[in-house]
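Report on one structure; see the data block that follows.
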Amino acid sequence: MLRIAFIALCLTTFLALPAFAGDKAGTDTPATQFVQKLGDKALTSLTAKDLPQAERAKRVRELLRSNFDIKTIARFALGTSWKTATEAQKSEYLDLFEKMIVSTYTERFQDYSGQSFKVTKSSATGKDWVVSSQIIQKDGPPVAVGWQVRDKGEGMRIVDVTVEGISMSVTQRNDFAAVVQSGGGKVDALLASLRKRCNINSKKG
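Here it is, written out as structure tokens:
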């Protein structure tokens, strides 16, 4: 089963939240500023109830491309199948992966219900930053969310998200691997699944 809906729910919950500064220690870094700026932008541009669906999708796509390293995330999610895929399969896969995320996010952003978001700390881990945060729910305990941020030269990008310690990239990778395996080890099985999810009947989409 593909868990992109769960990943999107976690990310969208964050992106549609007003960002609140946490403790000063460890929060005043370029990475935390990047995360909070992203949250503020999403809140002001994506959550209006009367926003046309096509315009919301356009804004979601622009936000993702500007703030997430979609290609790195997509390649990791495909796992070892990336090496065996043809150039045509890779091209279609990357296109479908982005369409899947945009479609799911666009639907989820219509369901913003006023949760709050708090950055608690950030830390450097090799070439990346990990920004720790909490999603404060109206009913229920806070949800711990970590944002792995990498400086790509042209600017910072999010390359992974953890929810309660579970990597969403790893979760997606495992789900995609299961689809490929059930399809006889063929990447085409995953492409067919993604086309169906994106309501695309032909390879060209």
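Take -2 as the starting number for the sequence shown in this note's numbering and just add one per residue.
Heads up, the beta-carbon is just placed ideally off N, CA and C, and yes, glycines get one too.
Everything numeric in this text was worked out from a predicted model, so none of it was measured.
Between which two residues does the alpha helix (DSSP H) containing residue i stretch?
| i | result |
| --- | --- |
| F73 | 67 to 75 |
| T159 | First-last for T159: 153 to 160, but that is the beta strand (DSSP E), not the alpha helix (DSSP H). |
| D172 | 165 to 179 |
| A82 | Segment: none, A82 is in no alpha helix (DSSP H) and carries neither H nor E. |
| K193 | 184 to 194 |
Looking at C-alpha atoms only, which residue of the options is the closest neighbour of residue i?
| i | options | result |
| --- | --- | --- |
| S164 | Y102, V57, I70 | I70 |
| F94 | K183, R170, K34, M153 | R170 |
| A121 | R147, L43, V177, L60 | R147 |
| K34 | D185, V116, T83 | V116 |
Please say whether residue j and residue i have beta carbons closer to each other than 8 Å?
| i | j | result |
| --- | --- | --- |
| G143 | V167 | no |
| D125 | Q145 | yes |
| F106 | V57 | yes |
| T101 | Q50 | no |
| S119 | T41 | no |
| V32 | V128 | yes |
| D47 | R154 | no |
| L187 | G180 | yes |
| A175 | G76 | no |
Mapping the DSSP letters down to three states, classify residue i as helix, strand or coil.
| i | result |
| --- | --- |
| K115 | strand |
| T41 | helix |
| T101 | helix |
| D20 | With a pLDDT of only 41 at D20, under the threshold of 50, the placement of this residue in the model should not be trusted; the figure read from the coordinates follows. Correct three-state label for D20: coil. |
| G29 | Sequence inspection shows Thr at residue 29; the Gly mentioned does not correspond to that position. T29: helix per DSSP, three-state reduction. |
| L60 | helix |
| K87 | helix |
In the DSSP assignment, find the unbroken beta strand (DSSP E) run with residue i in it and report its ends.
| i | result |
| --- | --- |
| D125 | 125 to 133 |
| D47 | Counting along the chain, D47 falls outside any beta strand (DSSP E), and DSSP gives it neither H nor E. |
| Q145 | 140 to 148 |
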